[in-house]
Amino acid sequence: MRLVLSGLNRLEMDTETPAPESCGFRRLNVQFCAVCRTDAKMWKEGHRDLTFPRVPGHEFVGTDRSGRRFAVWPGRSCGGCRYCRTGRENLCDDMKITGFHHDGGFSDTALVPPESLIPVPEGVPSTLACFAEPVGCAIHALEALQLREGERLIVYGGGTVGLIAALVGRWQGAVPLVIERNAEKIHRIGPFLEVTGIECRKDTTDSEFDTAVTACPDPIAFNLAVVKLARGGRLSFFSGLKKNQHLESNLVNLMHYKEISLHGAYGLTRSDMRGALVFIEKNRAAMELLVEKIVRPDKASAVLADVLSGRPMKYILDFTPGYRAAQFPTIMEMENMNTNEQPNQNVPDTSSDPSFKETIDRIRPVNAALEPAAQYKIDNKTKPLGALGKLESVAVRMSLIQDRLDPALHRKALFVFAGDHGIAEEGVSAYPAEVTGQMVTNFLNGGAAINVLCRHHDIDLQVVDMGVNADFDDHPGLVKMKVRKGTRNFAIQDAMTPSETLTAVKNGMRVFSDEHEKSPIHIVGMGEMGIGNTTSASAVICAVTGISAREAAGRGTGVDDKGLEHKIEVIEKVLAFHTLDPSDGLEILQKIGGFEVAGIVGAVLTAASVGTAVVLDGLISTAAGLLAYQIRPDIGGYLFSGHKSVEIAQKAALDHMGLEPLIDFNMRLGEGTGAALAMDVVDAACRIMREMASFDEAGVSNKA
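Given below as structure tokens:
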């Protein structure tokens, strides 16, 4: 029996026969597996190293065939990189983590690398041996501080990890003080504090501490640790901060002035885990007080929810023979009893939305019957046949779009749709997520490249907030159509709900139709802004065209080689997680798209419905155009590809739609810059069609 995490909030019991031992792995009969906050966060939020389905759990103890007990070092290192060769295997270039990259200990059996098995001493009960991983992490974190006898140590966070860090610090000769703001938690840990003699307060006016450890994800705790340290103090950055948090530059400067040494602490080595088991044996009485409860596996979902509350100490799942497993509802199933819609349920239903259907039904193919006349007209201009290259085909296409032989662009417009992406949590961009909002402000202030190009080419520019994780004051150049502050992380769940998807597409439709009603738009460019959106666009193009993640992934905002490999892995993970129908543009949009992508989809469809030419920009704009094309292929005749992007996935999308880029300036900025430049090319082609004389008009002899 094993507990399988098949999606967010979905922990399901699986009774399939366990897989046989394979090369490089040994079977362990799991006795106990502790539940840590990382397990709970994976269940609730996912993790950048996690691929569904997965058996979680990395703090476990079991026996081999001979009955020998082992704690499991929760990783598999390569053994050959510079870190492995120097005893720092926790930093291995190719680390594979148990419970993340391969199945973990929420199971009655587990396959583990033999080199990860750490023998458990006779004097350590199996339940307490589950603490070998967190204790080893604390030993690793404090080792860098080189604690000296009598030094004062301040630990921020009175949870299990913080108390272990304080206990390890005392064992190494320091005098620890734990800071925990929650009075209820202080009461709960009272027995541990009494037995160990460790002091815990809600706050302290003391300062000049020699060393500090942050054992909670609160940025305020990190700030206070820096402030409380004496000159020359040492800080162990043990717990990472919450996502998308910021540190003040004044604080960093304070570290500079005080010559504070900052030490990162990631995981543990095998040596740390061996030391942890020795520590547990010598501190058994204290460690027993950190056990909240030993529970059956069927209680796991409730346990995970409780762990997220931050209240309990360490829960331990009992997989020893004799437990009675029972089927249990997942938290997702319980939530579904109280709500009509969840991500991962159904797909956008457009059948009951008349406005969406009316727009789609108005789209007609361009007038192909006019093509012979248009071709004849361009061929008879005073030039050799085809001498103007792509300008000629553009002129003919504009004639078909406008259903006239003298096409004209009296009004040019461009929309920059902006939105944030949850996939940015996976570390796929070289820039932080807040850049999206900062760039929107730059657009509104007129300082971006797209502003310059639109002014130069007389293009009406509007910026559309579809889902930026920021708020903006009213501005004449801003259209507020925010659906939500960013999509969800589509590596672990759907990017949008069905209703959010449809709302975003309809908002994009409205953006175009509102402007078009003021004064007809004859050509429109589609720009975008959104950190993380090249990953979304690449995944979309993979889903529709069938190319691989490696064929699709580009450098986006400029990630390095290692970042590119990570991006490829994320896209592969996304495509494996979602079941996508290549023909269903709305479903793909909902599952792996973005709000700005949805806005472009809606605007493209509406523009085509009123006979307006559409110029796509680079990768993201092209991916949005591809989704619109999947929804209504008749729009293909209205689309132009503005420029050739350096992002390699664009070609697959253009080939699918039968388009070729108008210009190639080696650009990769986005914003609609390529579209703005290309719109002037289209305008020139229309003028050639209207204003250039024919052989007869000019009195020039044509080739015999």
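Residue numbers (the numbering used here): 601 to 1304.
Where is the CB? At the ideal position from N, CA and C, for every residue including glycine.
What you are looking at is a predicted structure, and each value in this text was computed from that prediction instead of being measured.
When DSSP reads this structure, residue 629 sits in a beta bridge with 663, 709. Collapsing the DSSP output to three states places residue 855 in a helix.
About 17 Å separates the CB atoms of residue 1223 and residue 1124; that is not less than 8 Å, and the two are not in contact.
A distance below 6 Å between beta-carbons, with the five flanking residues on each side excluded, links residue 914 to the following residues of its chain, in chain order: 634, 760, 890, 891, 892. With a contact defined as Cβ atoms closer than 8 Å, residue 1214 and residue 994 miss out at about 13 Å. With a beta-carbon spacing of about 11 Å, residue 1219 and residue 1242 fall beyond the 8 Å limit used to define contacts.
As the crow flies, the alpha-carbon of residue 1194 is around 8 Å from that of residue 1020. Apart from sequence neighbours up to five positions away, the residues of its chain that approach residue 1254 with a beta-carbon distance below 8 Å are 1222, 1241, 1260, 1261, ordered along the chain.
Bridge partners of residue 1267 according to DSSP: 1245. For the set 1206, 727, 1026, 1027, the Cα lying nearest the Cα of residue 1115 is the one of 1206.
Contact annotation: residue 1040 and residue 1237 have beta-carbon atoms that are not nearer than 8 Å.
A direct Cα-Cα distance of roughly 11 Å separates residue 712 from residue 623. For residue 829, the beta-bridge partners assigned by DSSP are 809. Residue 1046 has its alpha-carbon roughly 8 Å from the corresponding atom of residue 1052. With a cutoff of 8 Å on beta-carbon distance, residue 1170 and residue 1035 are scored as not near each other.
Counting along the chain, residue 999 sits inside the alpha helix (DSSP H) bounded by residues 990–1002. Of all C-beta pairs linking the region 805–814 to the region 828–835, three or more are shorter than 8 Å, placing the two stretches in contact. Per DSSP, residue 1093 lies in no beta strand (DSSP E) and is assigned neither H nor E. Distance from the Cα of residue 1109 is smallest, within the candidate group 1202, 1137, 1154, 1252, for 1202. Within the region 716–773, the complete alpha helix (DSSP H) segments of 4 residues or longer fall at 726–729, 732–743, 760–771, listed in chain order. For residue 628, the closest alpha carbon among the candidates 643, 609, 703, 639 is that of 703. In the structure shown, residue 814 adopts extended strand secondary structure according to DSSP, grouped into three states.
The C-alpha of residue 911 lies about 19 Å from the C-alpha of residue 609.
Sequence-distant partners of residue 1037 (beyond 5 residues in either direction) whose C-beta falls short of 6 Å from its own C-beta, in its chain, are 1068, 1070.
Within the same chain, and ignoring the five residues on either side of residue 1147 in sequence, the residues whose Cβ sits closer than 6 Å to its Cβ are 1252. For the options 740, 789, 699, 631, the alpha carbon positioned closest to that of residue 729 is the one of 631.
Here residue 643 is not near residue 603, since their CB atoms are 8 Å or more apart. Excluding sequence positions up to five before and after residue 851, its CB lies within less than 7 Å of the CB of 823, 826, all in the same chain and listed in chain order. Between residue 869 and residue 687, the CB-CB gap stays under 8 Å.
When the Cα atoms are used, residue 746 and residue 875 turn out to be separated by approximately 16 Å. By the Cβ criterion, the region 1177–1190 is not in contact with the region 1075–1088, since fewer than three pairs of Cβ atoms, one from each stretch, lie closer than 8 Å. Restricted to the region 1165–1196, the alpha helix (DSSP H) segments that are unbroken, complete and at least 4 residues in length are 1185–1192, listed in chain order. The beta carbon of residue 650 lies closer than 6 Å to those of 642, 700 in the same chain, with the five residues before and after it left out.
Given a length threshold of 3 residues, each whole run of the beta strand (DSSP E) inside the region 1033–1086 is given here in chain order: 1060–1067, 1078–1080.
Excluding sequence positions up to five before and after residue 839, its CB lies within less than 8 Å of the CB of 757, 761, 814, 815, 816, 817, all in the same chain and listed in chain order. Nearest C-alpha to residue 1257 among 615, 1235, 1002, 657: 1235.
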